[in-house]
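In this note's numbering, the protein residues as written are 12 to 209.
Here's the structure we're looking at; comments come further down.
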Ligand SMILES: [Zn+2]
């Protein structure tokens, strides 16, 4: 069985410039830092579980047909499935719910020693969540094109991220008059010795 693998530890600049190239299909135009992606081999059992969760989510009417599991040391530590409609939470994608559950179970906010198996290629939000969680690797089965043909906007959102902020479907407008006070809050955090870096 062939799975796609998404290198999580990408160069951040490349991720922002072209998320489409940051996941799944490695483009020769970009170089990836692969040292932290112990890609290894995918385990078919874990993907089968993610796909089963996807089917269940749809059948239970909790959300879209997407499932995910977080694996650590050859064992599933958390399961997630899409709960957008069941919880009125547009961010309750399978990958996000699985990451939240893994962090709750393990009692930490980083998952460097974990891999994520997702029934579908992560959308930009979930790819970013994988990045924030510092997951070691992401494996996925269905692609963004499969998601698009089922009516999900993943492919369009990847394209959206590449547009200038002011030309996005949801326009992003910079308010420079507030930039200094907002940046000062960040500088204060950066200089605070009591902070908990993440
Ligand atoms: Zn997502």
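We treat Cβ as the ideally placed atom computed from N, Cα and C, and that holds for glycine.
Just so we're clear, the structure is a prediction, and the values are computed from it rather than from any experiment.
Looking only at its own chain, which residues have a Cβ that is under 8 Å from the Cβ of residue i, when we skip the five neighbours before and after it?
{"i": "residue 60", "result": "78, 80, 87, 90, 128"}
{"i": "residue 183", "result": "176, 177"}
Below 8 Å on the Cβ atoms is my guess for residue i versus residue j; work out the distance and round it to an integer in Å.
{"i": "residue 130", "j": "residue 153", "result": "6 Å"}
{"i": "residue 212", "j": "residue 108", "result": "This structure cannot speak to residue 212, because the chain is shown only from 12 to 209."}
{"i": "residue 76", "j": "residue 63", "result": "That pair is no contact at about 11 Å."}
{"i": "residue 83", "j": "residue 125", "result": "5 Å"}
{"i": "residue 110", "j": "residue 144", "result": "5 Å"}
{"i": "residue 207", "j": "residue 200", "result": "The Cβ separation is near 10 Å, so there is no contact."}
Can you list, in chain order, the residues of its chain with a C-beta nearer than 6 Å to that of residue i? Leave out the 5 residues immediately preceding and following it.
{"i": "residue 166", "result": "155, 159"}
{"i": "residue 73", "result": "94, 97"}
Going by beta carbon distance, what residues of the same chain come within less than 7 Å of residue i, once the five residues before and after it are set aside?
{"i": "residue 134", "result": "104, 165, 168"}
{"i": "residue 113", "result": "81, 88, 89, 122, 125"}
{"i": "residue 137", "result": "104, 106, 107"}
{"i": "residue 180", "result": "171"}
{"i": "residue 140", "result": "106, 107, 110"}
{"i": "residue 100", "result": "94"}
To test your reading of the DSSP string, which unbroken beta strand (DSSP E) runs of 3 or more residues are found completely within the region 40-104? Listed in chain order, the beta strand (DSSP E) runs fully inside the region 40-104 are 78-83, 86-92, counting runs of at least 3 residues.
Beta carbon shell of ligand 1 at less than 6 Å from a heavy atom: Proximity annotation: ligand 1 has residues 104, 106, 133, 134, 136, 137 in chain order, each selected because its CB is closer than 6 Å to a heavy atom of the ligand.
Write down every uninterrupted run of the alpha helix (DSSP H) in the region 122-202 whose length is 4 residues or greater and which is fully enclosed by it, in chain order. Correct list: 135-143, 155-160, 165-173, 190-202.
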